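Chemist: Protein chains in written order, with the numbering used here: chain S, 1 to 407; chain E, 408 to 814; chain Z, 815 to 1221. Take this structure first; my questions come after.
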C-alpha cells in the first residue's frame, strides 16, 4: 500500500515528474517501420508530448514537434522531402534537428530578412532496429539504442502487435513482476472463459505455484517460479524471466514494450520472433503489424469472454483496464505474491533518485562494443510453460491486421 | 419553481445526500435474472456505486464491491464457485458477505499469516423475484423485498425491458405524476410523428383532460384523470394509477422501475405481465429481455420521428433527455397540470426528513404475512385508455433483444 | 504573435465577449431551407446559444429558446401549427416572438388565471434567402439581411454544403486572408496526397506567388495575388478576392460562411452557384444539401490522404482542426505571407471597439434600396485560378447527401 503522494510519484510521467525524468533516460518504441511505408508521417504521442515522426526522401527518420512554428498547422500533414519535412500549409521546411531551413514566400518577399533563423522546433533522436522505430526524448548525449537479443536475431520470422491500453503505464509494468497471475488469469480464468465460450480445446492444464523468487540482475529483475511437480532444476526456476528495466518484458520468443502515452494511456508493442519455416524468408518491410485487443466490458457490464479464452495478452489488458485509469495503490493489499512488485517499486524509486542526483540510471549503454547483442537468457521455447500455455506463434494471423502487407 | 439548493436536495443521490439516504431505504432492480444465465457476473452501477453482481455455483446471488482488495482488478472478471467469487487475477476468493475466504498463494507461502482475515469488501443484500434481481444498499436490518402484485402473478407471460437514460432519476419519476402529458406527448405528438413517418395507422383518437386529482395512499400517490365525455364513474377517475413510492409506476399490465445509476443516468426497468395465451407456458429463464430505446436528436438536430410515432416509452425517454442531464427546476413554470408533481416533491421532502430524523420512510415492509402480494389496484386491462393508446403487449417483439432466449 | 489576452479577445464568442458582441451585429446562416422540409423543427446552436428553429403551418419561420418554460422539454420536439410551435409535452404553444399563447389544461382548469401572460422565451429574427435560413441574434432594430450577389442570382443552379468543424471560428476566417496557402496546401500538398493515393490525374500545375496585397474595401478586405508568369493585369491581382466582413469568403462561384457554434466549433456553409445547363431549372426546394468533410487523422495518427487529394475545402478543414480547438496565437511566427491576417485582426479589433462604443460596425445595412444586390466583383469563373485548381462545380455529386432531394 502506498501513500497518494508515492502513487503519484511512481505513476505520473510529465516532463517535470520523477518518473517522467527517469523514463526520458531510455529509448522507447514509437512506431513500426511499416507504418511509415504506408504513409511517411505519423503523429506520435509519448510521455505526454505530441510529436511528428517522418521519414524523409533520403530514407532518414525525423522526430520533431507536432506544430509548425508559423501558424501551428500539424506537421503530420507535412510533405517529406530529400532533406526534411515541409509544412503543408505554407511550405516552411524543417530538418531533423527542428531547424526551419526554408520559408518560400518569406524568402521571395523579404530576401533580406531571415525570419527562419531563430526558429527551432523540439527534435528528438530516432532510430530503427528490427522493424521497430525507437525514440529518445532525454538529455544529450543520447545513450545507445540497446540491441536486445530478439531485436537483432538473424534468420527469424518476426511480427509486431500494437495496442493503446486505457491505463497508466505502471500497472502494465508491475504485471511483469507477478508470476502468480499466470496460474490464475492465464490458467483458471482462461479455462473458465473457455468453458463459457464452449471452446474447451483452449483449456490448459492446471498449474500451482509453490514458490517464487526475484533477483536484481544487470538488466533488471529476474523472476523465478517453481510449480507443483517441478524442482529447482526447472528452467522456470533456474533461468527465469526478465523485467528489462524500466518497463519491458522478455519471454523466450517475445519482447513486450510498455510505453507511456500520457498519464492514463499506455502503448504496448509486442515484438515476436519465431524460427523461420523451411524456405521462409522475411524482409523488414514484410513484418506483419497487427492490432492486439485491449478488451473492455460489454454494454451490459459483462466480460467479453470470447476475447478472453485464449492468448494471454488480451487477458492482461482487460485486467489492466479494470484496475481503472490509475490503479489506486492507497487501497491495495500486497502479500507474498507481490514481492517482485515491491522490489520493482524500490528499484524504480532508487533509479529516480539517481536521476534526481544527476547520475545515470541502469540500462543506459554507451559502449558500442558491449551493445552488439544484449543477451537476456530465458528457457528454451520448447520449455516455456510447455503444455501449459502453449505456443503463441503467429499472433498476426489471429488478430486484425493494421497494415496490409504486400503479397 | 425550486431554489438551486432544493433542486440539488431532491436530485443528488450520493451516499451523503438526503435523496441518496432516502433511496437507500429501498430495494431496487439491478438486473434481469437471465443476464446472469448468459454470464454469471455483471458490473452494476447504482446510486453512484460500482458493484459486482454474481451468481455462485450453488445458485446463490452475491453483490459485493467492484474491486479485489489485493491489486484492484475488477471482480466482474471473477470466477463464481460453489461458495463465492474468485478474483481472476490471483485467485483470492470472496463470499457473499464480502469476506476474503481464500488467498491461494498467500496460504501456500505463508500458512502462518492470515492476511485475508481483515479484508472486507462492501457487500449488499440481493434477491430475485419474478425474473428481476433486486438490491438493497441501506442500513441493516434490511426490510422485506416488496412483493408487488405483478411481480408475483402466476400463470402470466412476462417480459422485461431495460434502458439507461441520460438524465437524473427525478425527471423520470415526476413524469409518473403527470396525467396531462398523456394527452399531448402520447396523443398529439404521437399523431404528429405518425403523420411525418406516414404510418397513419398509428394515430390515436384525440383525448382532452377535464380534471385531474391526486391522493396520498398507503403505497404512494394515486393519480386520477377525467377525460372529455367521461364521468366520475370511469376507472381512470375512480381507480386511477399508481406512483409507488419512491419511483415506480404501476399500470394495469406494467411496472416501470426507475433507479438512479448516478446523478445524471437512470436505469429504467419495464416489467410487463400479459395473460397467457392458450397452451402457453413461461419459465423464469424464458422471460425475454429487450432494449428499450432512449431516443436522442439525430446528427442534424432533428427528432428521430420513426422512433417516436408509436409506444409511449421512447416518447417519454426522449423528453426526459431533452430536459437536460439535470432538469433546471429554478427555471420551470408549474401550473394546474403539475399539482401531482408538487405533491410528490412534498412527499419526497417529508420522507427525506423522516430518514434524517432516524425514522423509517413509507413502503418499508417488515411483516412477511403482509407481504404475500401487495395489491395495487388499477382499472382492468381492457379499460386502460381503451381505444386511445391501445395494447402494449409483447413489446419484446418490437425492440432489439438483449438476450437470445433459448428457442 | 498575440498575448493570451488578445487571443481570448479575438476568439471567444459568448454574449459578454467583445467578439461575441461584434458577431451578434450580423445575420448568420443557421440551416438550409430543405432541412425544414424534411422535418419542420431543428435544434440550432449558434454563438453558444441553443435555439429552436421551426417553420409554422403558415410557412413562416421562427427561432425561439430551446426549452419550454413549463417543464423545460426541448421545443425541437414541438408540433408546428398555423401560428406557432406547440410543446410536445403538455401542449403549451409559443408564437414567433417567444410569447406563450396557449396552455390547454391550464386554461381548462383555471380559466381565470393567466399563467401564460408573463412567459417570454428568447426569440430572434430569422429570414430565408436563396435557400439558406439566416438568423440575427443582436439588439433591435435588426439590420437588413444582406443580399450578396450570389444569394440573389437568378437562373442559376445552386447547391449547399455543410460541416461543423472542431475548431474556433477565427482560424477558419483567417484562412480567407491567406493567399499563399493556395500554393502549398491546395497545390503541393494536394499533389503529394494524389501521389500517395495514386490518383495522379488530380495533380495540378505548380504555382508560385510573387507578391500579395490587401486593401480595405467597403465590404471587407480584398486580397490580391500575383503568380509567377502573371502581370498586374491578371484578374487575381486587379480584381482579387473578398473577405466579406466579418467571416465570409467570396469566390467567383461560391460564398463560404463561417459561423461560430461555440468557442471550439464552427459551422461552415458552402453556397455554390453554377450556370444553368441547357433546359435546366432549379426550385429552392431542389437545392442539394451535402455533407462537406472535416477530415481528422486516422486511428494510427496518419493523414486520411484519400480525402485530401482533391477539393480544397477538406484540405482547409483538416488544417483548421490540426491547429487545435483554439489556435494558440501566443506561439505563432507571422511573416510576409500573413500581412492580410494582421490587417484582418486590426480590422476586427477596430470594429469591436466601435461596438463597445455603441456605434455600428461595417456591413450593417439599413437601406433597402441599397440592398437589392450587393455586388462583390471577382474575376470571371473562367479565370479563377484557371488550369490550376480547376472547376469545383457540382460538389454535391462528390459528397454524402444530407437530404434526399425529391427525384
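Cβ coordinates follow ideal geometry from the N, Cα and C atoms, glycine included. Note that the structure is predicted; figures quoted are calculated from it, not measured.
1) Could you round the C-beta distance between residue 437 of chain E and residue 540 of chain E to whole angstroms and report it? I think they count as a contact, below 8 Å.
2) Taking 7 Å as the cut-off, decide whether the C-beta atoms of residue 1034 of chain Z and residue 1056 of chain Z are in contact.
3) Would you mind listing the alpha helix (DSSP H) stretches within the segment 962–1019 of chain Z that are 4+ residues and don't spill past its ends, in chain order?
4) Can you check whether the C-beta of residue 47 of chain S is within less than 7 Å of a C-beta belonging to chain Z?
5) Let me confirm a value: residue 385 of chain S is counted as buried when at least 16 other C-beta atoms fall within 10 Å, else exposed. Which label applies?
6) Residue 1064 of chain Z by DSSP, collapsed to three states: which one?
7) Anything in chain Z within Cβ reach of residue 33 of chain S, meaning under 9 Å, just list it in chain order.
8) Check residue 427 of chain E in the structure and name its three-state DSSP category.
9) Could you name the residues of the same chain whose beta carbon sits closer than 7 Å to that of residue 1139 of chain Z, not counting the 5 residues immediately before and after it, in chain order?
10) Only counting runs of 3 or more residues, tell me where the beta strand (DSSP E) segments fall wholly within the segment 487–528 of chain E, in order along the chain.
11) Could you spell out the range, first to last residue, of the alpha helix (DSSP H) harbouring residue 344 of chain S?
12) For residue 175 of chain S, does the count of other Cβ atoms within 10 angstroms reach 16, so buried, or fall short, so exposed?
13) Is residue 331 of chain S buried or exposed, if buried means 16 or more other CB atoms sit within 10 Å of its CB?
14) Using 7 Å as the limit for Cβ to Cβ distance, is residue 356 of chain S near chain E?
15) With residue 632 of chain E as the anchor, note down where its beta strand (DSSP E) starts and where it stops.
16) Excluding the five sequence neighbours on either side, which residues of its own chain have a C-beta within less than 7 Å of the C-beta of residue 191 of chain S, listed in chain order?
17) Below 7 Å between beta carbons: does that hold for residue 435 of chain E and residue 542 of chain E?
18) How far does the beta strand (DSSP E) with residue 939 of chain Z in it extend, from its first residue to its last?
19) In whole angstroms, give me the CA-to-CA distance for residue 784 of chain E and residue 587 of chain E.
20) If the criterion is Cβ atoms closer than 7 Å, does the pair residue 207 of chain S and residue 289 of chain S meet it?
21) Residue 726 of chain E lies in the beta strand (DSSP E); which residues open and close that run?
22) Bridge partners of residue 879 of chain Z, per DSSP?
23) On the premise that residue 417 of chain E lies in contact with residue 563 of chain E, defined as a C-beta separation below 8 Å, what is that separation, rounded to the nearest angstrom?
24) Identify which residue in E:481, E:770, E:470 has its Cα closest to the Cα of residue 505 of chain E.
25) Looking at the structure shown, is residue 368 of chain S part of a helix, part of a strand, or coil, going by DSSP?
26) From residue 884 of chain Z to residue 74 of chain S, what does the alpha carbon distance come to, in whole angstroms?
27) Could you name the residues that DSSP lists as bridge partners for residue 851 of chain Z?
28) Which residues mark the beginning and the end of the alpha helix (DSSP H) in which residue 238 of chain S is found?
29) What residues from chain E crowd round residue 917 of chain Z, counting only those whose CB sits closer than 8 Å?
30) Would a check of beta-carbon distances place residue 449 of chain E closer than 7 Å to chain S?
31) Assign residue 1080 of chain Z to one of three DSSP states: helix, strand, or coil.
32) Could you compute how far the alpha carbon of residue 128 of chain S sits from the alpha carbon of residue 1134 of chain Z?
33) Give me the chain Z residues within the contact set of residue 725 of chain E, using Cβ-Cβ distance strictly less than 8 Å, ordered along the chain.
34) Taking residue 74 of chain S as the query, report the chain Z residues whose CB atoms sit under 7 Å from its CB, ordered along the chain.
35) Residue 452 of chain E by DSSP, collapsed to three states: which one?
36) Between which two residues does the beta strand (DSSP E) holding residue 650 of chain E run?
Modeler: This is what the structure holds:
1) Yes, residue 437 of chain E and residue 540 of chain E are in contact; Cβ-Cβ is about 6 Å, under 8 Å.
2) Yes; because the gap between Cβ atoms is below 7 Å, this pair is in contact.
3) Counting whole runs of 4 or more residues, the segment 962–1019 of chain Z contains the alpha helix (DSSP H) stretches 983–988, 994–997, 1004–1011.
4) No, no contact with chain Z.
5) Caution applies to residue 385 of chain S, whose pLDDT of 40 falls short of 50 and renders its modelled position unreliable; the value that the coordinates give is listed next. Within a 10 Å sphere around the beta-carbon of residue 385 of chain S sit 16 or more other beta-carbons, which makes this residue buried.
6) Residue 1064 of chain Z: strand per DSSP, three-state reduction.
7) In chain order: nothing, as chain Z lies at least about 13 Å away.
8) Per DSSP, reduced to three states, the secondary structure at residue 427 of chain E is helical.
9) Here the set comprises 980, 981, 982, 1078.
10) Fully enclosed beta strand (DSSP E) runs of 3 or longer: 491–493, 507–509.
11) Its alpha helix (DSSP H) spans residues 339–356.
12) Buried, because 16 or more other Cβ atoms sit within 10 Å of the Cβ of residue 175 of chain S.
13) With fewer than 16 other Cβ atoms within 10 Å, it is exposed.
14) Using a Cβ-Cβ cut-off of 7 Å, residue 356 of chain S does not count as an interface residue toward chain E, since no Cβ of chain E sits closer than that to its own.
15) Start and end: 627–634.
16) Answer for residue 191 of chain S: 203, 204, listed in chain order.
17) Yes, these two residues count as a Cβ contact at 7 Å.
18) 939–943 is the extent of the beta strand (DSSP E) around residue 939 of chain Z.
19) Their backbone Cα atoms lie some 21 Å apart in a straight line.
20) In this structure, residue 289 of chain S does not lie closer than 7 Å to residue 207 of chain S by Cβ.
21) Counting along the chain, no beta strand (DSSP E) covers residue 726 of chain E; the unbroken alpha helix (DSSP H) around it starts and ends at 719–729.
22) DSSP output for residue 879 of chain Z lists Z:865 as bridge partner(s).
23) Their Cβ separation, rounded to whole angstroms, is 35 Å, which puts residue 563 of chain E and residue 417 of chain E out of contact at 8 Å.
24) The residue with the shortest Cα to Cα distance from residue 505 of chain E is E:470.
25) In this structure, residue 368 of chain S counts as helix in the three-state DSSP scheme.
26) Going by the C-alpha atoms only, they are around 48 Å apart.
27) Looking at the DSSP assignment, residue 851 of chain Z forms no beta bridge with any residue, so it has no partner.
28) Following the DSSP letters along the chain, one finds residue 238 of chain S inside the alpha helix (DSSP H) bounded by residues 235–238.
29) Under the 8 Å cutoff, chain E gives 742.
30) Answer yes: the Cβ-Cβ gap between residue 449 of chain E and chain S drops below 7 Å somewhere.
31) If DSSP states are grouped into helix, strand and coil, residue 1080 of chain Z belongs with the strands.
32) Answer to the nearest angstrom: the Cα atoms are 32 Å apart.
33) 891, listed in chain order.
34) Going along chain Z in sequence order, the residues near residue 74 of chain S (Cβ under 7 Å) are 1136.
35) In the structure shown, residue 452 of chain E sits in a strand (DSSP, three-state: E or B).
36) Residue 650 of chain E -> beta strand (DSSP E) spans 648–651.
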